[in-house]
Amino acid sequence: MTRAIRIWLVLAALATAALALALAVGSHAIAPPELLRALLRPDGGVDAQIVHELRLPRALAAFGTGGLLALAGALMQVLLRNPLADPYVMGASGGAAVGALAAMLFGLGAAFTQGAAFAGALASTALVFALARREFAGAALTDPGLGAPRLLLAGVMLAALWTALVTLLLTLSPEARIRGMLFWLAGDVSAGSGGAAALGVLVLLVVLAWPLGRSLNVMLRGPVIALSLGVRVLALRRALFVLASLATAVAMTSSGAVGFVGLVVPHALRLAIGNDQRVLLPACALGGGTLLLLADTAARTLVAPQQLPVGLLTALLGVPTFLALLLGRTR
Amino acid sequence: MTDALLDATALTLRAGRRVLAHDLSLQVRAGDLWCVLGPNGSGKTTLLHTLAGVRTPDAGAVRLRGHDLARTAPEQLARWRGLLTQSVHDSFSARALEVVLLGRHPYHDRWSFDDDADDRRIAHEALAAVDAATLAARDVTTLSGGERQRVAIAALLAQQVPLMLLDEPTAHLDLHHQVGVLEHLRALVHGGGRAAVVALHDLNLAARFASHALLLGGDAPIAGRIDEVMTDDTLSAVFRHPLHRLRTGARWTYVVD
């Protein structure tokens, strides 16, 4: 336990440093003493306004989103027993994109877009659950032909359908709206709303998932072995599915389809601290939040005053990592 | 009432529409070492999964220590019986010792975090029992098939259950380790209070180590003591190939015609 706490403290320190950086840098740089004063005793000055109204909400949204995606990725990887699973394998990103883009096409406001994204993500996930419901029933456990592969395939197929619908929506949209849609698809936290909600859900889901950790470690050995060791595999699978889907839907509502955080962070942390889910899940929440916060800080400062979608930066980082993992596995 | 550790009555086992076994009854007492013999697809794995309660029988019931498996909490079952499955595919890295320590899972609740000293001692002893002490710190994804199999057996031993169900424990093992593992199982069973049911392919190993045999794949399952069940006629019929039993010293040897 002391080792786990030490790991979490190190990651929390990194997160705090990333937060300080995110609040300090930008077109209007704020020195550490002024930053501290603006945070603790806001005086209504320029510094305090920038910190409280612009940078802090955006930083919280980025951190919450990154943490949720990494947590969802780690949970999906256990559920499917597949190290290449990410939060979007159940087609949640496609479902959310169809919802969000449809709302944008009709010129509905940001709140509607977010609501539609959330509904789309959950609807897609529910559809996968319905299609693959036998994977959550008794026969799936000892039948080698059933189980995770069919769940994975159902998700992949649905994602392909959503991609077609997204293309259709982009084709139908007027020029003026397309730029916003592309930013949404690439993953973008600049809207900066829903940060507190994302962070709150992140804390809640970590608290809910943590007590499952011991059973999740056993699940990694396969459903039959887990059953023989007394794990209630079907209930655990359903819980994993619900927790991961909720995390993904909330993250997408806050920041669109940010890629690769959910794949890369659990892997990097697994290499560094091992695969005990009780240590890994909280570490993913902290590490994923930190990574996306840093990526977003880079996204708004690298080519300022232009802003890049943060998903661009996570993908630039994520694709080489993914390839390295993939090639390393077949070696 | 019966004093059997495991009592299976009138089981029907199906794979899809195919009936693997009908009206199969089996009583395993402490001290018994049962081998399950039969050709490919005759239902050995299905039977072991059913006896372990990870699969519900298509008819009939299995009782363990007098408790119906279907109505016993999985956490309780995990302290009464363990199952070695056929080849486990590891997608994630883990040290062999960590895998063996998972066998101690039934003795912890969800809030227990650290493995205690007893768990570690039991896990190390289990690895040593299958000649795998030196593998403790190795990553299971880098182990050979036989090494992985021994680690999996060690995890079952660490579970310390009265009834051990093993699906082809000798698969992937070299001759030396095949004999070593079966010798250890027999010693555990003779030590008192425990029993094992083992699916095997090697008739000579079965005859040397088992006390009882169950033959699947014939017209009807045949169960009984080794010398009564493993005869020329029954084996030849089940495996659809002529087999002969020869007396060599104090043991039977089986020869393929």
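Protein chains in written order, with the working numbering: chain A, 17 to 347; chain B, 599 to 855.
The beta-carbon is built from N, C-alpha and C at its ideal position, and this holds for glycine as well.
Computed from a predicted structure; not experimentally measured.
Counting C-beta pairs closer than 8 Å gives three or more between the segment 74-87 of chain A and the segment 267-281 of chain A, which meets the contact rule. When rounded, the separation of the alpha-carbon atoms in residue 189/A and residue 326/A is 23 Å. Beta-bridge pairing by DSSP links residue 647/B to no other residue. Just measuring C-alpha positions, the residue of 324/A, 344/A, 149/A, 100/A sitting nearest residue 196/A is 324/A.
The C-beta of residue 166/A comes no closer than 8 Å to any C-beta of chain B.
The three-state reading of DSSP puts residue 197/A in helix, counting H, G and I together. Taking every protein chain shown into account, the CB of residue 776/B has 16 or more other CB atoms within 10 angstroms, so this residue is buried. Burial check for residue 183/A: the Cβ neighbour count within 10 Å stays below 16, so the residue is exposed. Residues of chain B with a Cβ closer than 8 Å to the Cβ of residue 227/A are, in chain order, 708, 709. Within the segment 673-760 of chain B, the alpha helix (DSSP H) runs of at least 4 residues that lie entirely inside it are, in chain order, 694-699, 715-727, 743-757.
Of the candidates 134/A, 181/A, 318/A, 243/A, 243/A places its Cα closest to the Cα of residue 652/B. Residue 790/B and residue 782/B have their C-alpha atoms roughly 13 Å apart. Interface residue (Cβ-Cβ distance to chain A less than 8 Å): residue 692/B is classified as such. Among the bridge pairs identified by DSSP, residue 666/B is matched with 661/B.
With a threshold of 8 Å between beta carbons, residue 796/B makes no contact with chain A. Listed as beta-bridge partners of residue 820/B by DSSP are 813/B. In this structure the segment 224-235 of chain A touches the segment 698-709 of chain B; the number of beta carbon pairs closer than 8 Å is three or more.
Looking from the CA of residue 826/B, the closest CA among 815/B, 751/B, 850/B, 788/B belongs to 850/B. For residue 619/B, no alpha helix (DSSP H) segment is defined; the enclosing uninterrupted segment is the beta strand (DSSP E) at 616-626. Rounded to the nearest whole angstrom, the C-alpha separation of residue 637/B and residue 295/A is 45 Å.
Shown in chain order are the members of the segment 230-250 of chain A whose Cβ falls below 8 Å from a Cβ of chain B: 230, 231, 233, 234, 236, 237, 238, 240, 241, 243, 244, 245, 246, 247, 248.
Look at residue 97/A: its C-beta is under 8 Å from a C-beta on chain B.
Contact residues of the segment 666-688 of chain B toward chain A are 672, 673, 675, 676, 680, 681, 683, 686 (C-beta to C-beta distance below 7 Å).
Just measuring C-alpha positions, the residue of 813/B, 634/B, 802/B sitting nearest residue 854/B is 802/B. Of the residues assessed, residue 191/A falls on the exposed side of the cut-off, its CB having fewer than 16 other CB atoms within 10 angstroms. Only residues of its own chain outside the window of five on either side were considered, and among them 174 have a CB closer than 7 Å to the CB of residue 143/A, listed in chain order. Counting only residues of its own chain and dropping the five nearest sequence neighbours on each side, residue 261/A has a CB closer than 6 Å to the CB of 141.
Look at residue 796/B here: in three-state DSSP terms it is strand. Taking all protein chains shown into account, residue 151/A has 16 or more neighbouring C-beta atoms within 10 Å of its C-beta and is therefore buried. In this structure, residue 822/B keeps its C-beta atom at 8 Å or more from the C-beta atom of residue 839/B.
Interface annotation, residue 57/A: not in contact with chain B, CB-CB separation never under 8 Å. Under the Cβ criterion of 8 Å, residue 120/A is not counted among the residues facing chain B. With three or more CB-CB distances shorter than 8 Å, the segment 739-748 of chain B counts as touching the segment 677-691 of chain B.
Minimum Cα-Cα distance from residue 681/B among the listed residues 700/B, 696/B, 666/B corresponds to 700/B. Linking residue 202/A to residue 678/B through their CA atoms gives a straight-line distance of about 53 Å. Closest in C-alpha terms to residue 659/B, from the list 693/B, 650/B, 606/B, 846/B, comes 606/B.
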